[in-house]
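**Student:** In full-length UniProt numbering, the protein residues as written are 1 to 303.
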Amino acid sequence: MSGAGARGWGFADDRGVEAVAPAVPARVVAYVRAGAALLDLGVVPVAVYGSGHDGPEPDPAKDGGLAAAGVPYLGPGRALDEERLRAVAPDLVVDVTYDGKSPYAVDEGLAERLGVPLVALSVGGELPLGEIIGRFGALGAALGGPEAVAGEGLAGPEAVPPARSAGPGAAGDGGGELAAAEEAVRAAAGAAGPGVLALSGGGPEQVHLARPGAWPELARLAELGVRFLDPGPGPGANWLTGGWERAVEAGPDLVLYDDRAHATSPVGRVPAGARLVPWSPEVPPSPAAYARFFRAVARALEP
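1. Are V43 and G144 touching if we call contact CB-CB under 8 Å?
2. For a test of your reading of the model: does the CB of A210 fall under 7 Å from any non-hydrogen atom of the ligand ATP? Yes or no.
3. Can you tell me whether G195 is helix, strand or coil according to DSSP?
4. For S102, count neighbouring C-beta atoms within 10 Å of its own C-beta (all shown protein chains included) and say buried if the count is 16 or more, exposed if not.
5. I need the DSSP call for L209, collapsed to helix, strand or coil.
6. Hey, how far is the Cα of G202 from the Cα of G125?
7. Give the list of continuous beta strand (DSSP E) stretches no shorter than 3 residues that lie fully inside the stretch 113-139.
8. Taking only three categories from DSSP, how would you classify G109?
9. Hey, how far is the Cα of E249 from the Cα of A68?
10. If contacts are defined as beta-carbon pairs under 8 Å, then residue 310 and W239 qualify, I think. What distance do you get, rounded to the angstrom?
11. Which residue from R33, P281, P72 puts its Cα closest to that of A87?
12. Have a look at the DSSP bridge pairing and note the partners of V93.
13. When you compare the CB positions of L224 and E182, do they come within less than 8 Å of one another, or not?
14. From L199 to A272, what does the alpha carbon distance come to, in whole angstroms?
15. What does a CB cutoff of less than 6 Å around L52 pick up in its chain, not counting 5 residues either side in sequence?
16. Measure the C-alpha to C-alpha separation of G140 and G50 and round it to an integer number of angstroms.
17. My output table needs one value for Y257: the three-state DSSP class, helix, strand or coil.
18. Using a Cβ-Cβ cutoff of less than 6 Å, which residues in the same chain neighbour V226 once the five nearest sequence positions on both sides are dropped?
19. Once DSSP output is grouped into helix, strand and coil, what is the label at residue 304?
20. Considering only the alpha carbon of each residue, which of L114, D230, A222 lies closest to R186?
21. In this structure, how does DSSP classify R86 when only helix, strand and coil are distinguished?
22. Kindly provide the ranges of any alpha helix (DSSP H) runs that are 4 or more residues long and lie completely inside the stretch 244-302, ordered along the chain.
23. According to DSSP, is A189 helix, strand or coil?
24. According to DSSP, is P76 part of a helix, a strand, or is it coil?
25. Any idea if V255 is buried or exposed, counting beta-carbon neighbours within 10 angstroms, 16 or more meaning buried?
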């Protein structure tokens with residue numbers, strides 16, 4: 001069930017849990033990545049919170065348009081003050097899940113103590129990017145935002161209420177923007193484009209090299225023709241961790257680097273001639289946000 005009906009509102013999340021409420025929730029508190037996506041889809045959260053990687057201030061790499069929209073940040077989710085959360089009077093909490101079992105950034109018990117339903121949507125590498133975007137679009141539509149479900153191979157949303165007028169940051173023609181950005185990537189990648197390495201700096205001595213197939217947006221870029229460099233054998237399903245010399249030895253022409261606040265800058269640590277493009281492994285799962293990232297990649301791929 002998804003949307004509002006005679007028996008109230010409900011939405012089945014990606015843990016297989018049915019969130020229910022007497023009416024369409026109007027006061028949504030969300031993990032910052034999820035909240036930024038909902039804002040793009042026309043649903044303005046009353047507040048957002050961070051993850052264990054985050055500090056007392058919001059990370060601009062995850063924030064999207066939240067700060068500009070005046071959405072308050074409550075702090076890291078696992079250390080979220082219960083009274084501070086109560087003060088914003090939420091009627092729905094929205095998080096993400098990487099394992100399909102548990103919310104990533106907030107203690108599930110906190111929502112239970114408040115008596116507030118919690119929705120967790122999958123963002124892990126086992127799902128194609130289009131499906132992830134589609135699920136957030138379905139939730140946005142169920143919450144009264146514009147129906148902005150976009151992507152390949154998507155199952156459309158179930159019955160949803162008519163969309164309210166879009167608030168700040170609404171997606172508009174987000175699906176069209178993303179399709180155009182994907183075509184720009186395809187055209188720029190060419191038959192044998194630059195070698196691309198995605199990474200996250202783990203300090204002055206350590207770097208995490210991304211395995212492209214583990215990250216939905218990188219896997220999609222690969223489908224569009226981007227030539228990712230294999231980080232090589234070793235432990236780690238999502239990352240291969242080692243010294244910065246591994247990044248140098250890979251010889252990338254283009255580096256997609258983690259620009260979240262806790263990640264170390266690659267400047268001076270990768271080949272001097274490599275082009276650098278910021279990449280947040282936590283891009284808000286909306287068509288508009290991915291379109292912006294894909295366009296940046298397309299520009300960097302051009303000769």
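C-beta: ideal position from N, C-alpha, C; glycine also.
**Tutor:** In short:
1. yes
2. Annotation note on the ligand ATP: not contained in the displayed structure, which lists no ligands.
3. Three-state DSSP puts G195 in a strand.
4. exposed
5. The answer is strand: DSSP assigns L209 an E or B state.
6. 21 Å
7. 118-122
8. Three-state result, G109: helix.
9. Each residue's Cα considered, the two are about 41 Å apart.
10. Because the chain here runs from 1 to 303, residue 310 falls outside it and cannot be looked at.
11. P72
12. V29, L118
13. yes
14. Straight-line Cα distance between these residues: approximately 16 Å.
15. The sequence as given places Gly at residue 52; Leu does not occur at that position. Same-chain partners within the cutoff: R78.
16. 20 Å
17. strand
18. Closer than 6 Å at the Cβ level, and outside the excluded window around V226, lie A189, V196.
19. The displayed coordinates of the chain run from 1 to 303. Any statement about residue 304 would go beyond what the structure contains.
20. A222
21. helix
22. 245-250, 287-301
23. helix
24. strand
25. buried
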